[in-house]
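*Asks:* Next up is a structure, given as structure tokens.
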Amino acid sequence: IADLLGGNNPFRKGGSVQDELHQIPEKLRRYYHLLLSMREAIQKGLAFHAEEALKKNGKEDAGDLSGYSQHLADAGSDTADRDFALSLISNEQEALKEIADAIARMKKGTYGVCEITNKPIPHARLMAVPFTRYSLEGQKELERNRRAHRRRGGNPLGEIGDEVGFGSGGGGGEDDSPES
């Protein structure tokens with residue numbers, strides 16, 4: 169099930185973990201292992217939620233509605249539960265994409281550099297959110313600009329480069345970046 173949803177893709181970029189490890193600079197391997205642990209946990213959650221959602225849909229498709237109440241409130245609750253499970257699956261897929269993107273940034277040599285401020289992301293932030301693209305200052309600037317853009321009636325999903333203005337604002341300290 170997770171294979172269909174992108175959870176356990178044997179053809180993912182990078183090959184095996186061992187092959188991939190050789191492409192990761194030594195100073196970033198701690199973060200790489202954190203990302204792998206997160207990926208494994210998310211894949212397990214994805215598999216569980218996908219299986220649960222498909223079990224319910226499978227019963228409906230087969231005409232077996234015995235697991236569902238005939239009361240409208242219960243039917244609404246069942247629908248809300250299914251929607252919640254599908255939302256979790258979507259969030260887990262997005263998290264897996266962010267993890268894959270972080271590993272790709274490690275290979276390119278851009279991991280640990282804020283995409284907004286172009287300054288190093290502090291070690292503490294990378295330990296807390298190892299797949300982050302932004303320093304705390306960059307994240308605040310991004311959110312501030314998105315709110316302002318929405319207030320002006322713009323598309324909240326507009327181009328980040330247009331919203332933020334690269335190279336402005338502050339970032340993390342140099343002394344505790346992954347390059348130290």
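Be aware that the sequence shown starts at 169, since it is given in the numbering used here, and climbs by one per residue. Note that beta-carbon positions come from the ideal geometry of N, C-alpha and C, so glycine has one too. These figures come from a predicted structure and were not determined experimentally.
Within 10 Å of its beta-carbon, does T285 have 16 or more other beta-carbons around it, so buried, or fewer, so exposed?
*Replies:* T285 is buried by the Cβ-count criterion.
*Asks:* Assign F252 to buried or exposed, taking buried as 16 or more other Cβ atoms, counted over all protein chains shown, within 10 Å of its Cβ.
*Replies:* By the 10 Å Cβ count, F252 comes out exposed.
*Asks:* Measuring only the C-alpha atoms, how far is E188 from A263?
*Replies:* Their Cα atoms are separated by approximately 19 Å.
*Asks:* Using the beta-carbon count (16 or more within 10 Å), is K287 buried or exposed?
*Replies:* Its Cβ being crowded by 16 or more others within 10 Å, K287 is buried.
*Asks:* Could you spell out the range, first to last residue, of the alpha helix (DSSP H) harbouring K308?
*Replies:* K308 -> alpha helix (DSSP H) spans 304-319.
*Asks:* Indicate whether the contact test is met: 3 or more Cβ pairs, each with one atom in the stretch 273-285 and one in the stretch 213-225, closer than 8 Å.
*Replies:* Counting Cβ pairs under 8 Å, fewer than three are found: no touch.
*Asks:* Apply the 10 Å Cβ neighbour rule to R318 and answer buried if 16 or more other Cβ atoms are within range, or exposed otherwise.
*Replies:* The residue is exposed, with fewer than 16 neighbouring Cβ atoms inside 10 Å.
*Asks:* If the criterion is Cβ atoms closer than 7 Å, does the pair L294 and Y199 meet it?
*Replies:* Yes, these two residues count as a Cβ contact at 7 Å.
*Asks:* Looking at A221 and L254, is the spacing between their C-beta atoms short of 7 Å?
*Replies:* For L254 and A221, yes; Cβs fall inside 7 Å.
*Asks:* Suppose you measure from the CA of Q186 to the CA of I267; what does that come to, to the nearest Å?
*Replies:* Spanning the two alpha carbons is a distance of roughly 17 Å.
*Asks:* Assuming L203 contacts P290 under a Cβ cut-off of 8 Å, what Cβ separation, rounded to an integer in Å, is found between them?
*Replies:* Their Cβ separation, rounded to whole angstroms, is 17 Å, which puts L203 and P290 out of contact at 8 Å.
*Asks:* Whole angstroms is fine: what's the gap from E208's alpha carbon to A270's?
*Replies:* When rounded, the distance between both Cα atoms is 15 Å.
*Asks:* Since I believe M274 is in contact with I192 (beta carbons under 8 Å), could you give me their beta-carbon distance rounded to a whole number of angstroms?
*Replies:* So it is a contact: roughly 5 Å between Cβ atoms.
*Asks:* Would you call T300 buried or exposed, if buried means 16 or more other Cβ atoms sit within 10 Å of its Cβ?
*Replies:* So T300 counts as buried.
*Asks:* Between which residues of its own chain and I257 is the CB-CB distance below 7 Å, once the five residues before and five after are set aside?
*Replies:* The answer, listed in chain order, is L173, L214, H217, A218, A221.
*Asks:* Check each candidate in K265, K223, A272, K276 and name the one with the smallest Cα separation from D249.
*Replies:* Answer by Cα proximity: K223.
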